[in-house]
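Using the numbering used here, the final residue of the sequence shown is 123, and nothing's skipped along the way.
Using N, Cα and C, we set each Cβ at its ideal position, and we do this for glycine too.
Below you'll find the structure, written out as structure tokens, and then a few comments.
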Amino acid sequence: MTHKLLILPGDGIGPEIIGAAVQVLEVLVREHGLDLEWEEGLLGGCAVDAKGKPLPDETLASARSADAILLGAVGGPQYDKLDRPLRPERGLLALRQELELFANLRP
């Protein structure tokens, strides 16, 4: 059974960290036959920059169809002066609310 993963690199150091995590996933798929497919989406400040809101509709749709989400980081000082609904962390909060989640696991 193929597991679907949504990868949300996010902001700041997020893309760098997620890039390394994807390299590990690629090894697991290639060397150990992990049945996994993934796609990337936008969340947080990068979503505000590209789409005008911290949780684009297409990201939410992808999240709803994913088995798991791998999230980097959201936010940064360049977004501190945005109106509250546009703040990057609002995307994370909305994602949790829409998926009826209450927490995220951090290493």
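Practice item. Just the C-alpha distance for residue 98 and residue 17, rounded to the nearest angstrom, thanks. Key: Working through the sequence shown from its first residue, we reach residue 98 at position 82. Working through the sequence shown from its first residue, we reach residue 17 at position 1. So the two alpha carbons sit approximately 42 Å from each other.
Practice item. Decide if residue 81 is buried, meaning its Cβ has at least 16 other Cβ atoms within 10 Å, or exposed. Key: Your numbering for residue 81 matches position 65 in the sequence shown. Under this definition residue 81 is an exposed residue.
Practice item. Count the other CB atoms, across all protein chains shown, that sit within 10 Å of the CB of residue 70; report buried if there are 16 or more and exposed otherwise. Key: As a first step, residue 70 must be located in the sequence shown, where it is residue number 54. So residue 70 ends up on the buried side.
Point to revise | Spatial neighbours of residue 56 in its chain, beta-carbon cut-off 6 Å, leaving aside the 5 residues before and after | key: Counted from its first residue, the sequence shown places residue 56 at position 40. Hits under 6 Å: 23.
Check your understanding: Can you check whether the CB of residue 73 is closer than 8 Å to the CB of residue 20?
Key -> Here residue 20 corresponds to residue number 4 of the sequence shown, with the count starting at 1. Here residue 73 corresponds to residue number 57 of the sequence shown, with the count starting at 1. Not a contact, by the Cβ cut-off of 8 Å.
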